[in-house]
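Residue numbers (the numbering used here): 8 to 199.
Positions of the beta carbon are idealized from the N, C-alpha and C atoms, including for glycine.
What follows is the structure, encoded as C-alpha cells:
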C-alpha cells in the first residue's frame, strides 16, 4: 500500500500562480533562491542529459531586458502595443529565472522529450517558490520566441529556446482562483 502525503496533494490541488504585477519586493536572495533552483531541477530527465540551463535575472538585468525588448519591437516595426507587451514583464518584475531548453544530441532521447523536461523545470520552480511562501508565475511573451532577442538578451545558442520565465517575488494581494478544467471532459479510460 502506498504511503500518502496529504499535505503535498493539498498543496498541488490548491496552488495558484501570482502575476508579476501582483508581486513586489522583497525577492529571494541568492541563498534563498538556491534551494528553490535545486528543487526545480529534480525533474524527469531520461539519460541524465540535463537538457536545460538557468539564467537568473536581477532587477538591473530586468531593466536591460525591457530596453532590449523595446529596441527589438522597434526594429521589427512594432506598434506601441507590441512595445508595451515586450517591455511588460521586465518592467513589472523584480527577479526572474529564465529556463533555457538546451537539448543534447542523443539517439535514444528525442528533443521533444528533452523540451518537456525543461517545461517540468519551469513548473517545479513555480511550485517550489510558492511552497516556500513566495509568489511565482510562469510567463514567456513574444520577445522570448524571437530568435534575435533571445540571442542578444541571453546569449542562447542556435539549438536553444526559452522554455519559460519564472517570476518570483512577494505577493501584494491574494490571487483569486480561476475556473479549472473539467477533468471528466478531458479524460479517457481505456479498459482493454
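Asked: Do you know whose CA, among 14, 23 and 154, lies nearest residue 185's CA?; Found: 23
Asked: In this structure, how does DSSP classify residue 70 when only helix, strand and coil are distinguished?; Found: helix
Asked: What do you get for residue 51, buried or exposed, if any count of 16 or more other CB atoms within 10 angstroms of its CB means buried?; Found: exposed
Asked: Is residue 139 helix, strand or coil when you go by DSSP?; Found: coil
Asked: Count the other CB atoms, across all protein chains shown, that sit within 10 Å of the CB of residue 234; report buried if there are 16 or more and exposed otherwise.; Found: Examination of residue 234 is not possible in this model, given that the chain is present from 8 through 199 alone.
Asked: What are the start and end residues of each continuous alpha helix (DSSP H) run of 4 or more residues lying completely inside the region 118–174, in chain order?; Found: 118–138 and 154–161
Asked: Might you give, ordered along the chain, the residues of its own chain that have their beta carbon closer than 7 Å to the beta carbon of residue 168, omitting 5 neighbours on each side?; Found: 108
Asked: By DSSP, does residue 178 sit in helix, in strand, or in coil?; Found: strand
Asked: Using a Cβ-Cβ cutoff of less than 7 Å, which residues in the same chain neighbour residue 110 once the five nearest sequence positions on both sides are dropped?; Found: 58, 118, 121, 122 and 166
Asked: According to DSSP, is residue 81 part of a helix, a strand, or is it coil?; Found: helix
Asked: Whether or not the region 188–198 and the region 93–109 are in contact is what I'm after, with contact meaning three or more pairs of Cβ atoms, one per stretch, closer than 8 Å; do they touch?; Found: no
Asked: Here's the rule: buried if 16 or more other CB atoms are within 10 angstroms of the residue's CB, otherwise exposed. What is residue 198?; Found: exposed
Asked: Using DSSP's beta-bridge definition, name the partner residues of residue 108.; Found: 59 and 168
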